[in-house]
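Single-structure report; data block below.
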């Protein structure tokens, strides 16, 4: 696949994350106007509500603060919309004069959550991450749980905590029991961390088990996701029912949903399974994606250090396999369900997708420009970035960024 | 508290679950009319949309298929509404002629989910249950996890799977690894179970940590809850991230939300904690409820056997403590959040709230009329019942009932 040139010059620039091949879906506002649907192209946003009449869809779908209505409309509508946008924005399109007035500069727009999150599930599908964390929590011998190579392990997270890139995150209080102490105490988390993930956004709902191929067709697109994690709260609470308050403070996602169609050319098989999977998890073709990922950490006083470089192709289970497993019990899946991949670590030290791994549980501080880190310090900003590299173009995700505020002095004081 | 007599005679009958003291909130429909809000009184339902003009609230609130708008309106609105309904329905009320035409017989109405479930969390706050299950899964020595006496352990469940009493539940397929087998297989669950729970319905939202007293004030009311559980799927999947597909097939709730105000006279302190709790979990007064609970099992060929009798006062942690813990990390809580208590077992064999406990992991079959049970068989109907006993009146919950359908022959076949 090569660059599809647009009449909008900024979309054709080398290194532009949003060429015409991409067309990711977001929600934006300018000034006091209510948030509404937009599509990123070059350095602009196409105001979808303003051009809705040119799109030939049964609507209105776009004068809304979320893409949920479009997502629920299903793959035929998604394909038709993409084809029509390509027609309208391609170099030489006769509609240019009708479209151009409805392009809004990204620089002056505020971005919101691109969809209403129905429910949020977080998986654990990165093998190096599972191996690393398992080694730290349970020892090398019991690192990978016995079920791990047979199914995509996951847990339900908290949809209410999902925020869009740019929102600040406050260091949580919680119950912790430091090593050597007899009793737990309630204190600000001292081991607050990020997790680098890719997340699938479910478009079409299901009310019964689905095959991996059906699951793949249900996925509208992908976002970057930072599953902020309080490791000290997690270590004390997670047995026997899994992570709860350790992962409930916030989960940040990138503001643009990169559609499955845009990522189609970047499908790869991923690592071969160690042992055959049960037939209900069999992939009919390559379903992971070759997406380069990185994490930058920027202390309050700057400058940033890139602390992790990895690739989404490292995932052992694809989002389609995760979704098929999720629906296997008959669990109803809905438009707007968000499925985090789990932390995507690679095999090398600088490809580890969390500080827990990068500092090996705090025992081996990570060097950054102007200091070191075991876990996050107040004022630190964590930025995830991701892009698939095509032939002379990128499919970029934009940034997934959040700055850590200090804990409240007294979480129960009322102003 | 004594019976408050109504001009509607059926509400004053001994044993009536819905006297004027109760006034639980549901959603009903008759024939083809769209579902809307109703309040149970005696053997009737008051059509709340039809009498909205007499209630003195800023609306419309009741011509809707859920109570969420009322729930979000907060405690002052709830108190005003209850006071006004008491005035309108009390013996001697002059408004009787205006109200009576809007009473609909319960016998001819269909009941729907009473509110839109925002998110569903399930706790593990019954000590006997935790002790019993822990003994079976991890041995007597490690039965109660070290954190259990310090915090209400919980996990996020799946809101999309919550259904109202009366809906049939289909036995799920899932990954299981029977003892002695080398590899897992994908099969219908052979150890499908119920769980007897009480659940709190959050009314007012929060966006920061809340005290136990604040949490209590946020709760709109309570329902009975059956957290259907596939024990064989659970045993294989739950390490290390907790229950997932084992609890995702369905969760049944009773159709009437019994308000916190109606339960006020039945507050009890519950069992004293074994050790002091951290201050953020301290209860300012008695916050458990004296609610008698029972479970009836009815095979397809009938008749029913009552297999469990217990009491909600057995809970170690109240819903207010659970909610305060849930919000302690800053996790935003929303109107419509549903918090299951965890299985409410008592100390005796016939007070155990699940078949897992009643048959001790299947090793000690439970006698029922006409047979025995280790786990549920196809066609079995499980009915939870609950009521608080006042001085000459009951606060009833109605029934929480569901019948188990056989597993699909091929879950991936399409009609």
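Protein chains in written order, with UniProt numbering: chain A, 1 to 415; chain B, 1 to 415.
Idealized CB from N, CA, C, for every residue including glycine.
Listed along the chain, the chain A residues whose CB falls inside 8 Å of the CB of residue 153 (chain B) are 237, 240, 241 and 244.
No residue range can be given for residue 12 (chain B), since it is assigned to no beta strand (DSSP E) and is classified by DSSP as neither H nor E.
Taking residue 206 (chain A) as reference, the option from A:361, A:326 and A:82 with the minimal CA-CA separation is A:326. Residue state for residue 6 (chain A) is assigned as strand, using DSSP reduced to three classes. Within 7 Å of the CB of residue 150 (chain B), the CB atoms of chain A belong to 175 and 184, in sequence order along the chain.
Judged by their CB atoms, residue 89 (chain B) and residue 20 (chain B) are nearer to each other than the 8 Å cut-off.
With respect to residue 338 (chain A), residue 199 (chain A) sits close: the two C-beta atoms are nearer than 8 Å. When the beta-carbon positions are compared, residue 45 (chain A) and residue 109 (chain A) come within less than 8 Å of each other. Taking the Cα of residue 349 (chain B) as reference, the smallest distance to any Cα among B:310, B:91 and B:119 is reached at B:310. At a cut-off of 8 Å, the C-beta of residue 404 (chain B) has no neighbouring C-beta in chain A. Interface residue (Cβ-Cβ distance to chain A less than 8 Å): residue 68 (chain B) is not classified as such.
At the C-beta level, residue 297 (chain A) and residue 218 (chain A) stay beyond 8 Å of one another. Within chain A, the residues whose beta carbon sits less than 7 Å from that of residue 330 (chain B) are 170, 172 and 249, listed in sequence order.
Between residue 70 (chain A) and residue 61 (chain A), the C-beta gap is smaller than 8 Å, which places the two residues in contact.
The CB of residue 208 (chain B) comes closer than 8 Å to the CB of 408 and 411 in chain A, given here in chain order. Excluding the 5 residues flanking it on each side, residue 351 (chain B) has same chain C-beta neighbours closer than 7 Å at 308, 309, 310 and 345, in chain order. Under the three-state reduction of DSSP output, residue 288 (chain B) falls in the strand class. Boundaries for residue 313 (chain B): no beta strand (DSSP E) harbours it, and the DSSP string shows neither H nor E there.
If you check each beta-carbon in the region 122-141 of chain B against every beta-carbon of chain A, the ones closer than 7 Å belong to 124. CA-CA distance, residue 315 (chain B) to residue 97 (chain B), rounds to 44 Å. In this structure the region 183-200 of chain B does not lie against the region 262-269 of chain B, because fewer than three pairs of beta carbons, one per stretch, are closer than 8 Å. Counting only Cβ-Cβ distances below 7 Å, residue 158 (chain A) has contacts in chain B at 119, 156 and 331, in chain order. With a cut-off of 8 Å on Cβ pairs, the region 169-179 of chain B is in contact with the region 225-244 of chain B, counting three or more such pairs. Cα atoms of residue 196 (chain B) and residue 361 (chain B): separation of roughly 16 Å, rounded to the nearest angstrom. From the listed residues A:27, A:11, A:201 and A:355, the smallest Cα separation to residue 215 (chain A) is found for A:201.
Counting every other CB atom within 10 Å of its CB across the protein chains shown gives residue 183 (chain B) a total below 16, marking it as exposed. Within a 10 Å sphere around the beta-carbon of residue 385 (chain A) sit 16 or more other beta-carbons, which makes this residue buried. Residue state for residue 112 (chain B) is assigned as strand, using DSSP reduced to three classes. A Cβ-Cβ contact shorter than 8 Å links residue 328 (chain A) with residue 173 (chain B). In this structure the region 118-132 of chain B lies against the region 156-166 of chain B, because at least three pairs of beta carbons, one per stretch, are closer than 8 Å. Residues of the region 259-287 of chain A with a C-beta atom less than 7 Å from some C-beta of chain B are 278 and 280, listed in chain order.
In its chain, beyond the 5 residues on either side, 359, 372, 373 and 374 have a beta carbon closer than 8 Å to the beta carbon of residue 365 (chain A). In its chain, beyond the 5 residues on either side, 321 have a beta carbon closer than 6 Å to the beta carbon of residue 281 (chain B). Of all alpha-carbon atoms in A:43, A:313 and A:400, the one lying nearest the alpha-carbon of residue 269 (chain A) is that of A:313. When DSSP states are grouped into helix, strand and coil, residue 212 (chain A) belongs to the helix group. At a cut-off of 8 Å between beta carbons, residue 147 (chain B) contacts chain A.
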